[in-house]
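When you line the sequence shown up against mature numbering (1 follows the signal peptide of the UniProt record, and there is no 0), it's residues -22 to -1, 1 to 234, in that order. Every residue gets a Cβ at the ideal spot worked out from N, C-alpha and C, and that includes glycine. Please read all numbers here as calculations on a predicted model, not as lab measurements.
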Amino acid sequence: MTQPRWLAILAAALLLAGCAGGNGPMDTANDPAEPVNRGVYTFNDTFDTYALAPASRGWTAVTSAGVRDRVDNFFTNLETPGFVVNNLLQGKPVDAGRETLRFAINSTVGIVGLFDPAQAWFGLAGRREDFGQTLGVWGAEAGPYLVLPLFGPSGARDVTQYPVGWYTNALTYITLDSLTFGALTAVNVVNSRALAGDTARFRDDAAVDPYVFTRSAYRQYRQSQVHDGDVPLEADPYGDFFEGMEGDDEDASTQP
């Protein structure tokens, strides 16, 4: 997951956290390298402010929303072999078959993945699965929180998704040289940042400490991914937070 793609996740996290001017859900810190992580977080934020955000604004100025969607479809389609592999490793053969069909249809009828007729015509919605999620399904703990240069939030378990993603991404094999690979990757990153829009600013406006908010939101997001959106109460680090909110509502309802 690139830093720009992570910024898009924060839009949903703002809703989950209530957008209430606090740090979002209660944060259970497993962050032994917090001073280093905060330094990397600041580097990433500075890089985004002075490099990625201006580049994305320029890209937005010279492209339409439709073009940006087509570019996103193209790069997502190239990642699909990895989705197939991870669905199989997670024991989801039906989802693996669906992703295989999506890749075949979108790579041909969809003009090398620029369009998504698999979903538009056949209702075959995609399901992103990476190796960090696979390890989570296998029972591996998330481990200490990490912030990676340029990539953003991660963890001891989730960092494994990047080398596996490299080897399962079709882009690795269709590019003939490192220059072409780098140029296409840059387009993907800038396009993803353009799609994220002003999410980083919304995060900063919503949180007293954006670093803590990002850490909490990332953990909640990954927990939801590992459990396909159905997080068991005992595995939900935010369960007590939401139970407390429900309890407060019940207390208020009983008052005259």
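Contact annotation: ALA96 and ILE83 have beta-carbon atoms nearer than 7 Å.
Counting only the Cα atoms, ARG105 lies some 15 Å from ASP208. Within the same chain, VAL125, TYR189 come within 7 Å of TYR19 by CB-CB distance, once the 5 residues on both sides are set aside. Put simply, the backbone Cα of THR54 is about 19 Å away from that of THR112.
Inclusion of LEU30 and ARG171 in the CB contact set at 7 Å is warranted, their separation being smaller than that value. Within the same chain, VAL125 come within 6 Å of ASN15 by CB-CB distance, once the 5 residues on both sides are set aside. Looking from the CA of ALA174, the closest CA among ALA11, PHE25, THR38 belongs to THR38. Contact annotation, LEU149 with LEU162: C-beta distance approximately 6 Å; criterion of less than 8 Å satisfied. LEU56 and VAL165 have their C-alpha atoms spaced approximately 14 Å apart. If you look at PRO131, you'll find it in the beta strand (DSSP E) that goes 130 to 133. Put simply, the backbone Cα of THR24 is about 27 Å away from that of SER156. One Cα belongs to VAL45, the other to GLY110, and the distance between them is close to 30 Å. Burial check for GLU107: the Cβ neighbour count within 10 Å reaches 16 or more, so the residue is buried. Secondary structure at VAL90: coil, using DSSP grouped into helix, strand and coil.
By the CB criterion at 7 Å, PRO131 and THR192 fall inside the cutoff. Judged by DSSP in its simplified three-state form, VAL125 adopts strand. Taking the CA atoms as reference points, VAL40 sits about 28 Å from ASN147. At least 7 Å separates the beta-carbon of ASP9 from that of ASN51. The C-beta distance from ALA134 to ARG200 rounds to 12 Å, too long to meet the 8 Å contact threshold. Judged by beta-carbon spacing, LEU102 lies within the 7 Å limit of ARG76, meaning their Cβ atoms are closer than that value.
With a cutoff of 7 Å on beta-carbon distance, GLY143 and GLY69 are scored as not near each other.
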